[in-house]
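Mind the numbering: the sequence shown is residues 110 to 175 in our numbering, read in order. Glycine included, each C-beta is placed from N, C-alpha and C at the ideal position. Read through the structure below, which is laid out as structure tokens, and then see the notes.
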Amino acid sequence: MLKEIKDTDTNLKESFQSETRIAGIAYDQFIEIAEGQGDVTASNIFSNSRDVEEGHAKLYKNAINT
């Protein structure tokens, strides 16, 4: 299940892209579905998870720039 381990810079860039994609696409869709079903709890959980993924992306971006 693990991808090939590459050099640090490549791993950081791929991780950044993954976190950004998940936060910007998957969680927004999950939130929309939950809200459409009137499930406020699920919507809040997905929203919080999206925020965490965005935080991870920022950490990866900072590491790439360092």
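Just to confirm before moving on: does the CB-CB distance between Leu121 and Ala172 stay below 8 Å?
Their beta carbons are under 8 Å apart, which means Leu121 touches Ala172 by this criterion.
C-alpha gap between Ser152 and Asp160, whole angstroms
Roughly 12 Å separates the two Cα atoms.
Could you spell out where the alpha helix (DSSP H) holding Gln138 opens and where it closes?
Element bounds for Gln138: 136–145.
Here's a check: name, in chain order, each residue in its chain whose Cβ is nearer than 7 Å to the Cβ of Tyr169, leaving out the five neighbours to either side.
The answer, listed in chain order, is Leu121, Ser124, Phe125, Glu128.
Any idea what DSSP makes of Ile114, helix, strand or coil?
Three-state result, Ile114: coil.
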